[in-house]
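Report on the structure given below.
In the working numbering, the protein residues as written are 457 to 558.
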């Protein structure tokens, strides 16, 4: 979990070495702008992003194929929310807290 890391600008490179990491929560990290695929573990099954308004898009290379659940509740950019909605059908569960489950 990365919670309230106001100065964190990018995810640590060593994150990919956490081969057993299944759930990643990125909350209250307003300086993070990018989510590069090479920094997300291939074992990742759940990703939750909230209160990270500077993240404008998902990784250009896509998300890990192991991802089963994506939560984008609030505090994210409209563009990121749009991209998440386009993933309907490719990720089993996509949730946003605007009362829309995809």
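All C-beta atoms, glycine included, are put in the ideal place defined by N, C-alpha and C.
Item to check | Beta-carbon spacing of residue 500, residue 523 below 8 Å | outcome: yes
Next on the checklist: Less than 6 Å between C-beta atoms, sequence neighbours within five positions excluded: which residues of the same chain meet that for residue 557?
Outcome noted: Its pLDDT being 48, under 50, residue 557 is placed unreliably by the model, and the measurement read from it follows with that caveat. Cβ within range, chain order: 551.
Checklist entry - Does the Cβ-Cβ distance between residue 531 and residue 494 come in under 8 Å? => result no
Checklist entry - Just curious, the beta strand (DSSP E) that residue 506 is in, first and last residue? => result 502-506
Item to check | Cα-Cα separation, residue 465 to residue 533 | outcome: 16 Å
Next on the checklist: Looking at residue 433: is its Cβ nearer than 8 Å to the Cβ of residue 543?
Outcome noted: A query on residue 433 cannot be resolved here, the shown segment of the chain reaching from 457 to 558 and no further.
Next on the checklist: Please classify residue 474 as buried or exposed, where buried requires at least 16 neighbouring CB atoms within 10 angstroms.
Outcome noted: exposed
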